[in-house]
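A.B. asks:
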Amino acid sequence: MADRAKQLQACKAAVTKYKSQLEMAATKHEALSLAINMAENIMKAMKLTSDPAERKELKSQCGVIMDMANRIKHATQWQPPPPMAQTDPGYKQVERWAASVAHSVPLDPSSSKSKASSPSLPSAMLADLSLDPTTKTRATSSNSHTLTSTTLRETNDTHEQVDFGATQKPASHANHRLGNQLDTSASPIVVSKAGSVPVSPLTHVQPDTHCLASSGSQPTRVRKLAPPRSTRKLTTKEEILLLKASVVNGFKCPPWDKNPTSSEFALGDNGQPFRDTRELGLSAYQYQFFQDWVPAQKALPPPSLFPDRGGIGPLMGSSRSIDLVQDAATDCSVVASLCAGVARAERGHEQMLSNMVWPFDKNLGKPVISSNGKYVVRLNFNGCWRKVVIDDRLPVSSTHRLLHVIDRHNPGLLWPALLEKAYLKVRGGYDFPGSNSCGDLWTLTGWIPEQIYLQETDTVPSELWQRIYASFVYGDVLVTVGTGKMSTRQERELGLEGQHSYAVLDLKETDHDRLILVKNPWVEGRGWRGPRPAMAPIIDTSSSSEDPKNGTDATGLETVPSIETPHPTTFWIGLEQVIQHFESLYLNWNPGLFRYRQDIHFEWNIEKQHATSSCIESHPQFSFCSKEGGRVWFLLSRHFRDAPSDDTEVSDSFNDGSIRPETHLHSSGEALKGYMCIYICNGNGFRHYIKDTYLESGPYVNTPQSLLKFDTDENETYTIVIDQDELPASPYTFSLSAFSNSNITLEPASQKYPIHRTEPGQWTKHTAGGSTSSSRYFENPQYTLEIREKCSLAIMLTSTNQANPLHVKLALGYGKRLYRLQSRDVLVDSGDHRGGCVFTEIKDLQPGLYTIICSLFEAGVTGNYTLRVDSTSAITMGQIPKDGAGLLSMKLSPACFGSEVNKLAAPLVLRRLAAYTVVARFLKATSPRSHDLGKLARSPLRLSIELGRGPERKFLVASENGEYADSMAVRTESIHLDPTLAAQSDLWLVLDRLSGPGGPVEEWYDVEILTDMPQACSIGVWRAWDA
1 MADRAKQLQA
11 CKAAVTKYKS
21 QLEMAATKHE
31 ALSLAINMAE
41 NIMKAMKLTS
51 DPAERKELKS
61 QCGVIMDMAN
71 RIKHATQWQP
81 PPPMAQTDPG
91 YKQVERWAAS
101 VAHSVPLDPS
111 SSKSKASSPS
121 LPSAMLADLS
131 LDPTTKTRAT
141 SSNSHTLTST
151 TLRETNDTHE
161 QVDFGATQKP
171 ASHANHRLGN
181 QLDTSASPIV
191 VSKAGSVPVS
201 PLTHVQPDTH
211 CLASSGSQPT
221 RVRKLAPPRS
231 TRKLTTKEEI
241 LLLKASVVNG
251 FKCPPWDKNP
261 TSSEFALGDN
271 GQPFRDTREL
281 GLSAYQYQFF
291 QDWVPAQKAL
301 PPPSLFPDRG
311 GIGPLMGSSR
321 SIDLVQDAAT
331 DCSVVASLCA
341 GVARAERGHE
351 QMLSNMVWPF
361 DKNLGKPVIS
371 SNGKYVVRLN
381 FNGCWRKVVI
391 DDRLPVSSTH
401 RLLHVIDRHN
411 PGLLWPALLE
421 KAYLKVRGGY
431 DFPGSNSCGD
441 LWTLTGWIPE
451 QIYLQETDTV
461 PSELWQRIYA
471 SFVYGDVLVT
481 VGTGKMSTRQ
491 ERELGLEGQH
501 SYAVLDLKET
511 DHDRLILVKN
521 PWVEGRGWRG
531 PRPAMAPIID
541 TSSSSEDPKN
551 GTDATGLETV
561 PSIETPHPTT
571 FWIGLEQVIQ
581 HFESLYLNWN
591 PGLFRYRQDI
601 HFEWNIEKQH
611 ATSSCIESHP
621 QFSFCSKEGG
631 RVWFLLSRHF
641 RDAPSDDTEV
651 SDSFNDGSIR
661 PETHLHSSGE
671 ALKGYMCIYI
681 CNGNGFRHYI
691 KDTYLESGPY
701 VNTPQSLLKF
711 DTDENETYTI
721 VIDQDELPAS
731 PYTFSLSAFS
741 NSNITLEPAS
751 QKYPIHRTEP
761 GQWTKHTAGG
771 STSSSRYFEN
781 PQYTLEIREK
791 CSLAIMLTST
801 NQANPLHVKL
811 ALGYGKRLYR
821 LQSRDVLVDS
831 GDHRGGCVFT
841 EIKDLQPGLY
851 TIICSLFEAG
861 VTGNYTLRVD
871 STSAITMGQI
881 PKDGAGLLSM
891 KLSPACFGSE
901 VNKLAAPLVL
911 RRLAAYTVVA
921 RFLKATSPRS
931 HDLGKLARSP
941 LRLSIELGRG
951 PERKFLVASE
961 NGEYADSMAV
971 RTESIHLDPT
981 LAAQSDLWLV
991 LDRLSGPGGP
1001 VEEWYDVEIL
1011 TDMPQACSIG
1021 VWRAWDA
């Protein structure tokens, strides 16, 4: 009995649920379905109840509901009934409400029109329906989403206007942080024609909220979100850059400044149709089927499929649903993009593809046939919307294979083939190997592209679904998917094509499943053979068109397996299966979700690189600030370059991250080259030198677009850095766009140090002294730096040889070559040795003379380098002559301290007056048992030239002013010695170590004498010295 009571209560709850949904039903078809569901649940309740009185009451209610369903079925126009006030529980209210519905459904258009135009209607309500692409909303039924989206969308009339004024944004907007969602203030403000005061934006509409207008009032509906426009004034250089970027693949595509006039499409006096300058290229495979370029009048419907055409010509519209497919063309991503855009329109949203083709009839809302065969297509690429002019000729096949996109339901439909041709003209021709579909849709629609790598470990299915589902319902995101490399066996078992693009036509959410309607655009493609989800009713989709014969509902039967098509190419698949078997999810977001946008265009001449470098000094960098903070989307777009049509090595169509079979790569087995990325640094809008520290970075992608999302702080200025890796050496042009719901600025980054000094140089065998652990360290190139007034400095050392670890140091050297260095003398250095580029900076440096030392990690390694010093005030920099420059070197035999010996000496015989400098360099230390201790054991050493022996001896010169030095090399200052000193006493060259380092150790030193005269002296052998 308890189970029977629970079932009864469940039926009653279902009736209440369907009743609340019927109050906001978007279409007549949906309302009828809900009414039938209510009646079915009431009849189930009648069977379950044991109370005769209750059964009688339920029977009465069932009759009322059936009467209401009958009136809805025969109604010519559906209008949502008023929501019932929840005053008294029980089924009496359902009966009264159903009766009111049955008498309120209009049976003729006039009654509905009179109500809609009643002067007593209140001002339009506001509903914030511009959902954030990343908004995480709670799971709801698909019917609820359907009624909210479709019903509110239908008021796109002249009685409302869109106001994005700052005064209408919510008070919380200033402190709003996006995190994983956009600012809700991006929604339009709907104002009545009478000019009533606009209402502040509400929260997102939830299915259980009675947000729709009651009976007799004007319903709230979704308006088309106006995309933001960049308000930044372009510089003359940017304007020239955009004009130069108009030439692509030998064709000129100027910026779209105004809509074409009807005279452009009129047939000329000579009666000759318009012809483009040259035909587009075809691949060798396509030439197998190619017959000729034929005008659209004879090309559609395809003559190979319709030989008895009987005067049937091309059409620009159709009452049937559109089913686009590719055949012998390799542009799967393009056709998948077209399918996604068409599916959105057929779900009841505004047109977004066919309105890109001109001539266009605004009254009909569709393109029309051109009289002279000329068409102008509006495409978004190379920094702006551009005009792409084409003729109406299409490549016609001599067989059943087709070389252009075609609608299987309407073979004469022309505008998809024209749109495809215009896009392929920009991308190089019909031999275009395919790209990724979000990049194609960026060009076709201007919607922001995003690629999600489904195989990443951080992909959470529930979060991913919640992020895109609500936005998909409201038509604010286009979805396509792509597979990666697959083996032949995988393709056969799963029914998928490897490296192929698929269109997502619809999404469905049930109590237990999250389903995706996927379409393979290839006419001879495989159909899904994997696990099939338990199907819900076909019409229970995210959003249904009003006419079930025209829309995604029309594909319902095509998704059901049959004997003829056991594996249809349009199929429902679970979200988990998509994540498991597809490589990427491609999203294109409605830019109208944002209120502000700024664009900047720039050129970057990329030179040949030997390896990856951390140096970004020459990279494009920009200053960015958000007035109120929040989430900002940065989109980097690489422009298509002008390239010969037959040079695939240069063409960008063959050098990006395309989805294509390996057979279509421009060289066998060669990986696609060219990656780019966006970095965000906390640099206060100043230029950076190296990419050491950054706040956020996007992935390196080999596609023409790269997207990065970042949460900005209020009034904080950031530095945006553009980076690349392995892009072929060439001049490139780019556009960087920032989208936000807060006022933003985007400008070129400022120079923190306006004064620059550059010194090129080389490490040779004689000047490559190695690191500070090397005895030859001070042989490294050194520079004198003169500071005349207090300033800040930036020092950067670069080398083209990335394998050489670099280091740079600024020290107190008084502008002279350093031979000894203590830590207190080092003002700043570049830290650890690193390849390619090292950098350091110092603030508030006092006036004076300083020394810069440039070194490699390993002594004796040669290579070139460039030393750059930037400052805030004037500086003077010059190279210090190398050690021993202009002097003659006299190498002595190595001096070896025995384990019991602490002083060595060699007799010095002067031949002529000369300047003498003596250098002793530590070589190694060994124990008496011949264990090499390397450079770890070293005694403090003093080097001197002495006159005489014993207590009366005289120091003529000594290293470190007579102090012992614990360094790899010790040296004396230069001293002039006269041969007449020999008359006073003998001269000795003396090495004196302070003591043995912790026991008996042998130490070896290399000694060198530098003089300015040849044959200035002679040296005897080393000996132990007691004096």
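Per full-length UniProt numbering, numbering through the sequence shown is continuous, rising by one, with the last residue being 1027.
Just so you know, even glycine gets a beta-carbon here, dropped at the ideal spot from N, CA and C.
All values derive from a computational prediction rather than experimental measurement.
(1) Please report the residue range of the alpha helix (DSSP H) in which D327 lies.
(2) Quick one: is D883 buried, meaning 16 or more other Cβ sit within 10 Å of its Cβ, or exposed?
(3) For the candidate residues L496, L908, W1022, whose alpha-carbon lies nearest to that of T980?
(4) Could you pull the start and end residues of the beta strand (DSSP E) that F571 belongs to?
(5) Throw me the rounded Cβ distance for the V869 and L977 pair, which I believe falls under 8 Å.
(6) Whose CA, out of N702, I240, D506, lies closest to the CA of T570?
(7) Does D308 pass the burial test, meaning 16 or more other C-beta atoms within 10 Å, or should it be called exposed?
(8) Apart from the five residues just before and just after S283, which ones in its own chain have a Cβ nearer than 6 Å to its Cβ?
(9) Using only CA atoms, which one of A920, A39, A925, K924 lies nearest to S944?
(10) Considering only C-alpha positions, which residue in the set D723, A885, V838 is nearest to H766?
(11) Here's the rule I'm using: 16 or more other beta-carbon atoms within 10 Å means buried, otherwise exposed. How should G685 be labelled?
(12) Restricting to runs no shorter than 4 residues, where is the alpha helix (DSSP H) found entirely within the segment 441-488?
(13) Residues in the same chain with beta-carbon distance under 8 Å from I755, minus the five sequence neighbours each way, listed in chain order, please.
(14) With a CB to CB cut of under 7 Å and the five nearest residues on each side skipped, what residues in its chain are close to C253?
(15) Classify A794 as helix, strand or coil using the three-state DSSP reduction.
(16) Tell me the rounded alpha-carbon separation between E264 and K374.
(17) Compare the beta carbon distance of Y689 and C615 with 8 Å and say whether it is the shorter of the two.
(18) Does P805 come out as helix, strand or coil in the three-state DSSP assignment?
(19) What is the DSSP secondary structure of S200, reduced to helix, strand or coil?
(20) Tell me the rounded alpha-carbon separation between T443 and R687.
(21) How about the segment 731-743 and the segment 833-849: do they share at least three Cβ pairs that are nearer than 8 Å?
(22) Taking the continuous alpha helix (DSSP H) assigned at T972, which residues delimit it?
(23) Three or more C-beta pairs under 8 Å: does that hold for the segment 727-734 against the segment 821-828?
(24) Considering Q724, what are the terminal residues of the beta strand (DSSP E) in which it resides?
(25) Measure how close the beta-carbons of L267 and S371 come, nearest whole angstrom, since I'm counting them as under 8 Å.
(26) Report all residues from its chain with a CB closer than 7 Å to the CB of L821; omit the five preceding and five following residues, and keep chain order.
(27) Do you know whose CA, among R408, Q451, G863, lies nearest V325's CA?
(28) Pick out whichever of T862, R834, M66, L403 has its Cα sitting closest to the Cα of T764.
(29) Could you tell me the alpha carbon to alpha carbon distance between S985 and L910, rounded to whole angstroms?
(30) For E900, count the other beta carbons within 10 Å of its own beta carbon; 16 or more makes it buried, fewer makes it exposed. Which is it?
(31) Over what stretch of residues does the alpha helix (DSSP H) that includes Y375 continue unbroken?
(32) So for L241, helix, strand or coil by DSSP?
(33) Spatial neighbours of Q879 within its chain, please: C-beta separation below 6 Å, excluding the five flanking residues on both sides.
(34) For the pair the segment 572-590 and the segment 445-461, tell me if three or more CB-CB distances fall below 8 Å.
(35) Throw me the rounded Cβ distance for the L892 and I1019 pair, which I believe falls under 8 Å.
C.D. replies: So, from the data block:
(1) Taking the sequence shown and counting its residues from 1, one reaches residue 327 at position 327. Segment: none, D327 is in no alpha helix (DSSP H) and carries neither H nor E.
(2) Mapped onto the sequence shown, residue 883 falls at position 883. With 16 or more Cβ atoms within 10 Å of its Cβ, D883 is classed as buried.
(3) Numbered from 1 along the sequence shown, position 980 holds the residue referred to as residue 980. Nearest option by C-alpha distance: L908.
(4) Within the sequence shown, residue 571 is the residue found at index 571, counting from 1. Its beta strand (DSSP E) spans residues 570-574.
(5) On the sequence shown, residue 869 is found 869 positions in, with the first residue counted as 1. On the sequence shown, residue 977 is found 977 positions in, with the first residue counted as 1. About 39 Å separates the beta carbon of V869 from that of L977, a gap too long to meet the 8 Å contact definition.
(6) Locating residue 570 in the sequence shown gives position 570, counting from the first residue. With distances taken between Cα atoms, T570 lies closest to D506.
(7) The residue you call residue 308 lines up with position 308 of the sequence shown. Exposure of D308 is indicated by the presence of fewer than 16 other C-beta atoms within 10 angstroms of its C-beta.
(8) Walking along the sequence shown from the start, residue 283 turns up at place 283. For S283, where only same-chain residues beyond five positions count, the Cβ hits under 6 Å are D431.
(9) Within the sequence shown, residue 944 is the residue found at index 944, counting from 1. The shortest C-alpha separation from S944 is found at A920.
(10) Stepping through the sequence shown from its first residue, residue 766 is reached at position 766. When only C-alpha atoms are compared, the closest one is A885.
(11) The sequence position of residue 685 within the sequence shown is 685, counting from 1. Buried.
(12) If one requires a minimum length of 4 residues, the alpha helix (DSSP H) runs lying completely within the segment 441-488 are 461-473, in chain order.
(13) Within the sequence shown, numbered from 1, the residue matching residue 755 stands at position 755. Excluding sequence neighbours, I755 sits near D870, S871, T872, S873, A874, I875.
(14) Within the sequence shown, numbered from 1, the residue matching residue 253 stands at position 253. Only S246, R386, K387, V388, V426 meet the Cβ criterion.
(15) Taking the first residue of the sequence shown as 1, we reach residue 794 at position 794. Looking at A794 - three-state DSSP - the assignment turns out to be strand.
(16) Position 264 of the sequence shown holds residue 264. Position 374 of the sequence shown holds residue 374. A straight line joining the alpha-carbon of E264 with that of K374 spans about 8 Å.
(17) Within the sequence shown, residue 689 is the residue found at index 689, counting from 1. Within the sequence shown, residue 615 is the residue found at index 615, counting from 1. Yes, the Cβ-Cβ distance between Y689 and C615 is below 8 Å.
(18) Taking the first residue of the sequence shown as position 1, residue 805 is located at position 805. Residue state, collapsed to three classes: strand.
(19) Here the question's residue 200 lines up with position 200 in the sequence shown. Low confidence applies to S200: its pLDDT is 30, below 50, so where it sits in the model is not reliable, and the reading given next is rough at best. In this structure, S200 counts as coil in the three-state DSSP scheme.
(20) Against the sequence shown, residue 443 aligns to sequence position 443. Against the sequence shown, residue 687 aligns to sequence position 687. Cα to Cα, T443 sits roughly 31 Å from R687.
(21) Cβ pair count under 8 Å is below three, so no.
(22) Here residue 972 refers to the residue found at position 972 of the sequence shown. Segment: none, T972 is in no alpha helix (DSSP H) and carries neither H nor E.
(23) By the C-beta criterion, the segment 727-734 is judged not to be in contact with the segment 821-828, since fewer than 3 inter-stretch pairs fall below 8 Å.
(24) As a first step, residue 724 is located in the sequence shown; it is residue number 724 there, counting from the start. Segment 717-725, the beta strand (DSSP E) holding Q724.
(25) Numbered from 1 along the sequence shown, position 267 holds the residue referred to as residue 267. Numbered from 1 along the sequence shown, position 371 holds the residue referred to as residue 371. Sure, about 5 Å apart at Cβ, within 8 Å.
(26) Position 821 of the sequence shown, counted from the start, is the residue given in the question as residue 821. Around L821: A811.
(27) Looking up residue 325 in the sequence shown gives position 325. Of the candidates R408, Q451, G863, the one whose C-alpha sits nearest the C-alpha of V325 is R408.
(28) Here residue 764 is taken as the residue at index 764 of the sequence shown, counted from 1. The candidate whose alpha carbon is nearest that of T764 is T862.
(29) For this step, residue 985 is matched to residue 985 along the sequence shown. For this step, residue 910 is matched to residue 910 along the sequence shown. As the crow flies, the alpha-carbon of S985 is around 12 Å from that of L910.
(30) On the sequence shown, residue 900 is found 900 positions in, with the first residue counted as 1. Classification for E900: exposed.
(31) By one-based count along the sequence shown, residue 375 stands at place 375. That residue, Y375, is in no alpha helix (DSSP H); its beta strand (DSSP E) goes 374-381.
(32) As a working note, residue 241 is residue 241 in the sequence shown. In this structure, L241 counts as helix in the three-state DSSP scheme.
(33) Against the sequence shown, residue 879 aligns to sequence position 879. So the qualifying residues of the chain are Y783.
(34) When Cβ pairs closer than 8 Å are counted between the two stretches, the segment 572-590 is seen to touch the segment 445-461, the count reaching three or more.
(35) Reading the sequence shown from its first residue, position 892 is the one you call residue 892. Reading the sequence shown from its first residue, position 1019 is the one you call residue 1019. About 6 Å separates the two Cβ atoms, so the contact holds.
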